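Note that the protein sequences, when read in sequence, are chains A and B.
Take 43 as the starting number for the first sequence in the numbering used here and just add one per residue.
Take 25 as the starting number for the second sequence in the numbering used here and just add one per residue.
For glycine and all other residues, C-beta sits at the position ideal for the given N, C-alpha and C.
Just so we're clear, the structure is a prediction, and the values are computed from it rather than from any experiment.
Read through the structure below, which is laid out as structure tokens, and then see the notes.
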Amino acid sequence: MTDEELRGLLTGHVRALERTAGPPPELRPRRAARWSVGLTTAATAGAAVLLALALAWPRDSLVPSAVGPSGGPGPTVSFPGVTSPVQTGPAAPRCKPRSLRVSPVRAAADSMPGLVVAIRFRNAGPRACSVAGYPVLSAPPGGPAMRMRYTAQNAVWTVVRRPVLLRPGASAAVSVLVASFSAVTNVPCRTPQSMGVAAPGGSRVIWITAPASWQGACLRGAVEVSPVYPARYAPLIGQYPRR
Amino acid sequence: MRPDREFDEFYQASHGRVVAMLTAILGDRAAAEDAAQEAFARALARWRRVAGYDLPEAWVRRVALRLATDHGRRARRAVRLTARLSAVPPPAAAGDPADGLAYSPVGAALAGLPRAEREVLILHYVAGMPVAAIAAEQRLPERTVKTRLAAGRRHLERELTGPAGTDGPGGRRHGRLAGREGARDDG
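This is the structure we're talking about:
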């Protein structure tokens with residue numbers, strides 16, 4: 043392959059990526075002191091109100107239906123026909139599901155209980171909003187069954203369920219644990235090439251291509267899904283919030 | 025032209041290019057967008073100085089790459105630490121940064137390369153940076169950059185002309201492994 047051929051291939055690839063990129067998000071610099079005093083005051087007051095609301099919000103109302111009343115692991119939810127786990131009152135305007143962009147699954151860790159991957163939800167809207175609860179995952183029609191379990195606590199993670207405030211362009215994430223069932227039973231398993239994801243609170247399913255690492259796992263066992271947490275901790279293995 | 029309008033035009037014109045190049049290097053569009061946004065925010069905070077550079081876009085790309093590298097290091101460290109704390113065995117391979125690459129033949133082939141090789145290939149062939157400039161930017165000897173370029177070319181060619189049936193995400197890993205085994209054979 044000549045230099046020119048290689049340059050053409052790589053440039054074409056990057057241009058294709060550029061064409062599929064969305065419009066630039068609204069920029070919110072951390073240190074750019076270009077805001078007027080009035081705006082700063084208003085933002086501070088708004089943050090104080092949000093904080094007060096978050097503190098005053100009843101804890102129980104944040105518990106999704108997929109979690110038992112004792113706070114332990116909840117009932118198993120099977121596909122198809124399941125609806126989204128109950129989404130609860132966040133302390134800021136809820137993100138509209140259509141403004142949340144779902145990113146491809148990112149491999150995280152191949153650990154003893156199974157494979158942990160993370161799915162990101164980016165706020166592609168122009169305003170800050172909050173997201174809470176669980177997304178809904180599903181296998182493609184006709185594909186292998188996926189037994190889903192939405193849980194805030196398992197052997198891999200402990201996530202305190204709370205709304206995640208997303209500024210424009212910021213992301214939340216969930217961890218997904220896929221059990222390596224075939225390693226226990228030696229039963230050959232079929233693995234899906236894609237996975238349906240409905241953003242928290244939404245019903246519109248977006249199909250994303252499963253990564254190679256996901257396809258190496260067997261989905262005949264339970265698939266466990268965590269509540270959302272800030273994406274900077276993704277892939278979360280351990281506790282959120284950190285202590 | 026007013027500085028804020030000047031920055032706005034720069035941002036609108038270069039954001040897509042920077043994100044695309046970072047995505048090709050990092051293999052993860054979300055990480056690329058996050059790093060780019062932070063880098064553009066830093067550029068805005070010191071726009072008077074950055075605007076005076078020959079290539080403000082190159083400054084943003086360089087800052088974004090460093091941010092992404094630092095973030096990746098922190099994430100890997102956190103995974104190791106929390107895995108230890110929670111008695112979960114550490115991952116065999118912490119993360120597969122290639123998972124976010126677009127599923128095109130070139131994207132899949134790039135995914136099979138180590139990030140260091142992807143980075144020099146993209147900077148050299150797409151951004152048009154000479155070897156000396158890449159070496160200065162990455163604080164590496166020129167010889168190292170040349171070695172990475174040569175290895176990247178060799179591995180990319182091997183990935184693109186790999187064995188049949190390795191298309192798609194399931195085949196990328198085979199291609200990458202084949203490439204590494206081949207590299208060992210060469211040695």
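Beta-carbon proximity list for residue i, same chain, < 7 Å, skipping 5 on both sides
i	result
valine 144 of chain B	Ile158, Val169, Arg172, Leu173, Gly176
valine 144 of chain A	Ile161, Phe163, Val239, Ala241, Ile248, Ile250
glycine 50 of chain A	none
methionine 45 of chain B	Arg85, Ile146, Val150, Ala151
glutamate 161 of chain B	Arg86
alanine 212 of chain B	Because chain B here runs from 25 to 211, residue 212 of chain B falls outside it and cannot be looked at.
tyrosine 35 of chain B	Phe64
glutamate 166 of chain B	Val155, Ala156, Ala159
Exposed unless 16 or more other CB atoms sit within 10 angstroms - verdict on residue i
i	result
tyrosine 282 of chain A	buried
glycine 54 of chain A	exposed
tyrosine 77 of chain B	exposed
threonine 12 of chain B	For chain B, the structure presents residues 25 to 211; residue 12 of chain B sits outside this window and is missing.
leucine 104 of chain A	Residue placement at leucine 104 of chain A cannot be trusted, given a pLDDT of 31 that sits under 50; what the coordinates show is reported in the next sentence. Buried, since its Cβ has 16 or more Cβ neighbours within 10 Å.
leucine 278 of chain A	buried
glutamine 61 of chain B	buried
glutamate 141 of chain B	buried
glutamate 57 of chain B	buried
valine 202 of chain A	exposed
methionine 153 of chain B	buried
arginine 53 of chain B	buried
leucine 137 of chain B	buried
arginine 204 of chain A	buried
alanine 55 of chain B	buried
Residues near residue i in its chain [Cβ-Cβ closer than 8 Å; skip 5 each side]
i	result
serine 141 of chain A	Asn165, Ala166, Gly167, Cys171
proline 139 of chain A	Ala240, Ala241, Pro242, Gly243, Gly244, Ser245, Arg246
glutamate 30 of chain B	Trp71, Ala75
arginine 41 of chain B	Glu81
arginine 300 of chain A	The structure shown does not extend to residue 300 of chain A, since chain A is modelled only from 43 through 285, so no value can be given for it.
Close beta carbons around residue i, own chain, < 6 Å, minus the five adjacent residues each side
i	result
glutamate 266 of chain A	Arg191, Thr193, Asn196, Leu219
alanine 276 of chain A	Ala160, Ala215
arginine 67 of chain B	Inspection of the sequence shows that residue 67 of chain B is occupied by alanine rather than by arginine. So the qualifying residues of the chain are Val74, Val84.
Integer Cβ distance of residue i from residue j, believed to fall under 8 Å
i	j	result
leucine 89 of chain B	isoleucine 49 of chain B	7 Å
leucine 59 of chain A	tyrosine 149 of chain B	Between tyrosine 149 of chain B and leucine 59 of chain A the Cβ distance is about 14 Å, and since that is not below 8 Å, they are no contact.
valine 87 of chain B	alanine 63 of chain B	4 Å
histidine 39 of chain B	proline 66 of chain A	4 Å
serine 236 of chain A	proline 183 of chain A	In fact, because the Cβ distance is near 11 Å, the residues do not count as touching under 8 Å.
alanine 59 of chain B	alanine 82 of chain B	15 Å between Cβ atoms; not a contact.
glycine 175 of chain A	proline 269 of chain A	6 Å
alanine 217 of chain A	tryptophan 199 of chain A	The sequence shown places serine at residue 217 of chain A, not alanine. That belief holds up - the Cβ atoms of serine 217 of chain A and tryptophan 199 of chain A are roughly 6 Å apart, short of 8 Å.
Residues of the stretch 30-56 of chain B whose Cβ lies closer than 7 Å to any Cβ of chain A, in chain order: From the stretch 30-56 of chain B, only Tyr35, Gln36, His39, Gly40, Arg41, Val43, Ala44, Met45, Thr47, Ala48, Asp52, Arg53, Ala54 have a Cβ closer than 7 Å to chain A.
Members of the stretch 60-83 of chain B near chain A, C-beta cut-off 7 Å: Gln61, Phe64, Ala65, Leu68, Ala69
Could you list the residues in the stretch 134-161 of chain B with a C-beta less than 8 Å from some C-beta on chain A, going in chain order? Leu134, Leu145, Ile146, Tyr149, Val150
Taking any Cβ of chain B, which residues in the stretch 47-59 of chain A have a Cβ under 8 Å from it, in chain order? Leu48, Arg49, Leu51, Leu52, Thr53, Gly54, His55, Val56, Arg57, Ala58, Leu59
Going along the stretch 169-181 of chain B in order, which residues come within less than 8 Å of chain A, judged by CB to CB distance? So the list reads Arg177, Leu180, Glu181, given in the order they occur along the chain.
The stretch 155-168 of chain A: which residues have C-beta closer than 7 Å to a C-beta of chain B, in chain order? Arg162, Arg164
Mind listing which residues of the stretch 200-213 of chain A have their C-beta closer than 7 Å to chain B's C-betas, in chain order? Gly211, Ser213
Interface residues of the stretch 262-282 of chain A facing chain B [CB-CB below 9 Å]: Under the 9 Å Cβ criterion, the stretch 262-282 of chain A contributes Ala273, Arg274, Tyr275, Ala276, Pro277, Leu278, Ile279, Gly280, Gln281.
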